[in-house]
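Asker: Residues in the sequence shown are numbered from 246 upward in steps of one, following full-length UniProt numbering.
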Amino acid sequence: ESAEKGGYEHFMLKEIHEQPRAVRDTIGAYVKDGKIDLSETGLTDEKLQEIERIYIVACGSAYHVGMVGKYVIEELADIPVEVDLASEFRYRNPKLVKNSLVVIVSQSGETADSLAALRLAKERKIPVLGIVNVVGSSIARESDYILYTYAGPEISVATTKAYSTQLIAMYLLAIQAAKVKDVISEERYAALIEELGTLPEKIQKTLDDKERIQWFASKYANAKDVFFIGRGIDYAISMEGSLKMKEISYIHSEAYAAGELKHGTISLIEDGILVVGVATQAALFEKTISNMVEVKSRGAYLMGLTTYGNYNIEDTADFAVYVPQTESFFATSLAIVPLQLMGYYVSVAKGLDVDKPRNLAKSVTVE
Ligand code: G6P
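Below you can see the structure in the form of structure tokens.
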């Protein structure tokens, strides 16, 4: 087993480090000569052009990818998107309109609720695009269109590299839909694809800063509660960061849309509580900072996560983490890395079974 870990202490740390490669391979599979080509998935430009609404359905981290997808697709391609947990979707008689597409996101391709959601969509005659990592899995076989991610086998129960490749799939879908619907210029299309190509190297840069996160994580390993706050895409990042923390470190953690704090959650903030403020989106930066100030004035210890250049976050945050600048839509791919590392190092500091956390399974094939 130690050989399979390639010199890393745990599969999770190995898989975190495989993200630049996994992301590069997934981009490389669908970007040719500076253009996105989804023809291999079966979802041709003609079919994509007809889509008027998208429903993204998934479980766990894949659902969080869907939350990012909603922001990116709506903003870039101007197509309304609904995101559902598969276990909700399948039991709620969803109203699926004509000319829509159901997107099922799943690493394993075997999650029971996601598979049931796929079958429901097909019964209703809505085409299904599967975004799947495991070749030949049930969801891959039953989908009308299949976009494979190229994360490679993922062993750690807590997903990292599969999540990162699913994000790429969402960006590809959003950019190509924007192009075929003629809502972005040729220049913008080319610039987005060029920026996409820089993500592997920027993820690597983020990984190179891991010692700082390790230091911070060991300091906070005894925390009882952690709150992650952000707006828009930063809220979606917060959801995944919070899941990583709770699933492997067993620390109670919650993600909140920063603007919602004042409607209840702020009453939980007291001296020394750790709050992670995610603020990668320029348009929402000041708004999120003001929420960070609110929790700080109630005694929270504040970690701020933003992009290089936003150094004034240090006026508010006690500890700041920076990731490289990128297109705002792609920020998740970079900001998630320190949060994965934080969950990982807290779990290690607590001496827990990082790769196999209690009560969890890699793939949930029963209801
Ligand atoms: C399990 C895993 C999660 C994963 C979820 C959905 O709960 O522990 O990491 O996000 O299932 O799995 P899928 O294979 O459908 O992506």
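Here a beta-carbon is modelled for each residue, glycine too, at the ideal position from N, C-alpha and C.
Terminal residues of the continuous alpha helix (DSSP H) containing V380?
Answerer: Element bounds for V380: n/a, residue is neither H nor E.
Asker: Is the beta carbon of S535 within less than 7 angstroms of some heavy atom of the ligand G6P?
Answerer: No, the ligand G6P has no heavy atom inside 7 angstroms of this Cβ.
Asker: Which residue comes first and which comes last in the alpha helix (DSSP H) that contains G522?
Answerer: Segment L519 to V523 is the beta strand (DSSP E) holding G522; no alpha helix (DSSP H) there.
Asker: Which of the three DSSP states, helix, strand or coil, is assigned to S351?
Answerer: If DSSP states are grouped into helix, strand and coil, S351 belongs with the strands.
Asker: Going along the chain, which residues of its own chain have a beta-carbon closer than 6 angstroms to the beta-carbon of V328, five neighbours each way excluded?
Answerer: Taken in chain order, the residues that qualify are I301, G311, M312 and K315.
Asker: Which partner residues of L330 appear in the DSSP bridge assignment?
Answerer: A303.
Asker: If you reduce the DSSP assignment to three classes, tell me which class L288 lands in.
Answerer: Coil at L288, not helix or strand.
Asker: Measure the C-alpha to C-alpha separation of P398 and V379 and round it to an integer number of angstroms.
Answerer: Rounded to the nearest angstrom, the two C-alpha atoms are 8 angstroms apart.
Asker: Roughly how many angstroms separate the alpha carbons of I478 and Y501, rounded to a whole number?
Answerer: If you take the alpha carbons of I478 and Y501, they lie about 12 angstroms apart.
Asker: Could you tell me which residues DSSP puts in a beta bridge with S498?
Answerer: S498 is bridged to V471.
Asker: When every heavy atom of the ligand MN is checked, does at least one fall within less than 7 angstroms of the C-beta of G305?
Answerer: With respect to the ligand MN, the structure shown offers nothing to examine, as its ligands consist of the ligand G6P.
Asker: With DSSP run on the structure shown, which of helix, strand or coil describes K315?
Answerer: Looking at K315 - three-state DSSP - the assignment turns out to be helix.
Asker: What does the Cβ neighbour count give for H508, buried or exposed, with the cut at 16 atoms within 10 Å?
Answerer: H508 should be labelled exposed.
Asker: Within 10 angstroms of its Cβ, does A248 collect 16 or more other Cβ (buried), or is it exposed?
Answerer: The residue is exposed, with fewer than 16 neighbouring Cβ atoms inside 10 Å.
Asker: Got a sec, what are the start and stop residues for the beta strand (DSSP E) V428 sits in?
Answerer: Here V428 belongs to no beta strand (DSSP E), and DSSP marks it neither H nor E.
Asker: Within 10 Å of its beta-carbon, does E531 have 16 or more other beta-carbons around it, so buried, or fewer, so exposed?
Answerer: By the 10 Å Cβ count, E531 comes out exposed.
Asker: State the start and end residues of the unbroken beta strand (DSSP E) segment that holds G391.
Answerer: Here the sequence assigns Ile to residue 391, which means Gly is not the residue at that position. I391 -> beta strand (DSSP E) spans Y390 to Y393.
Asker: Assuming A307 contacts Q264 (C-beta within less than 8 angstroms), just tell me the rounded distance between them.
Answerer: About 16 angstroms separates the two Cβ atoms, so there is no contact after all.
Asker: Hey, would you say V521 sits closer than 8 angstroms to G486, going by beta carbons?
Answerer: Cβ atoms of V521 and G486: closer than 8 angstroms.
Asker: Assign L550 to one of three DSSP states: helix, strand, or coil.
Answerer: Looking at L550 - three-state DSSP - the assignment turns out to be strand.
Asker: When you compare only the Cα positions, how much space is there between G305 and Y434?
Answerer: One C-alpha to the other measures close to 31 angstroms.
Asker: Does the Cβ of S383 lie closer than 7 angstroms to at least one heavy atom of the ligand G6P?
Answerer: Answer for S383: no, Cβ out of range of the ligand G6P.
Asker: Near K280, which residues of its chain fall below 6 angstroms by C-beta distance, leaving aside the five closest residues on each side in sequence?
Answerer: Excluding residues within five positions, none has a Cβ falling inside 6 angstroms.
Asker: Tell whether a beta-carbon distance below 8 angstroms holds between I376 and A419.
Answerer: Cβ atoms of I376 and A419: not closer than 8 angstroms.
Asker: Would you report the Cα separation of L258 and Y589, rounded to the nearest angstrom?
Answerer: Roughly 7 angstroms separates the two Cα atoms.
Asker: Can you determine whether any heavy atom of the ligand G6P sits closer than 7 angstroms to the C-beta of L605, and answer yes or no?
Answerer: Yes, the ligand G6P has a heavy atom inside 7 angstroms of this Cβ.
Asker: Any heavy atom of the ligand G6P within a distance shorter than 7 angstroms of the CB on V609?
Answerer: For the ligand G6P, at least one heavy atom lies less than 7 angstroms from the Cβ of V609.
Asker: Tell me whether A503 counts as near the ligand G6P, meaning its Cβ is closer than 7 angstroms to at least one heavy atom of that ligand.
Answerer: For the ligand G6P, not one heavy atom lies less than 7 angstroms from the Cβ of A503.
Asker: Look up L346 in the DSSP assignment and give the residues it is bridged to.
Answerer: According to DSSP, which records beta bridges pairwise, L346 is partnered with I299.
Asker: Assuming the contact rule is C-beta atoms closer than 8 angstroms, D600 and F256 should be a hit. Round their C-beta distance to whole Å, please.
Answerer: Indeed they touch by this definition, with Cβ atoms about 5 angstroms apart.
Asker: Determine, using beta carbons only, whether S382 and E355 come nearer to each other than 8 angstroms.
Answerer: Contact flag set, yes.
Asker: For A462, count neighbouring Cβ atoms within 10 angstroms of its own Cβ and tell me buried if that reaches 16, exposed if not.
Answerer: By the 10 Å Cβ count, A462 comes out buried.
Asker: Are there 16 or more other CB atoms within 10 angstroms of the CB of V611, so buried, or fewer, so exposed?
Answerer: By the 10 Å Cβ count, V611 comes out exposed.
Asker: Is E260 buried or exposed, if buried means 16 or more other CB atoms sit within 10 Å of its CB?
Answerer: By the 10 Å Cβ count, E260 comes out buried.
Asker: Quick one: using the 10 Å Cβ neighbour count with 16 as the cut-off for buried, is A606 buried or exposed?
Answerer: It counts as exposed.
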